[in-house]
Amino acid sequence: MSLEPKFYVRDVPVYGDTILSPMAGYSDVPYRQVCRAFGSAMHYTEFVAVEMLLTRKPNRYWELLHKAPGEKPMVFQIFG
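Position 36 of the sequence shown, counting from 1, maps to 35 under numbering that gives the first Met the number 0, and the rest follow consecutively.
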């Protein structure tokens, strides 16, 4: 990891030039941690619909937004 940010997302510094893209079914915490170990500098969660968070099996969908300690910067994708 470099000491100087490679770029900024608004005022959030990103210390690297590799970004893990969002992937449905793959962007969970263990996968993101492996990618971080191999140099990923920023991560995305899977897309999560607001309706799913509020009505249908909410615990399962809230788990998709779980963030492990040290996962920064992190992008949460919520739609609807």
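For glycine and all other residues, C-beta sits at the position ideal for the given N, C-alpha and C.
Proximity test, Cβ basis, 7 Å: methionine 51 and chain B
Of the protein chains in this structure there is only one, and it is not chain B.
Kindly indicate which three-state DSSP category glutamate 70 falls into: helix, strand or coil?
coil
Mapping the DSSP letters down to three states, classify alanine 36 as helix, strand or coil.
helix
8 Å contact criterion, which tyrosine 43 and valine 11 should meet: CB distance rounded:
With a contact defined as Cβ atoms closer than 8 Å, tyrosine 43 and valine 11 miss out at about 14 Å.
What is the C-beta distance between proline 68 and valine 13, in whole angstroms, given that I count them as a contact (C-beta under 8 Å)?
The Cβ separation is near 18 Å, so there is no contact.
Considering only their Cβ atoms, is the gap separating glutamate 45 from leucine 63 smaller than 7 Å?
yes
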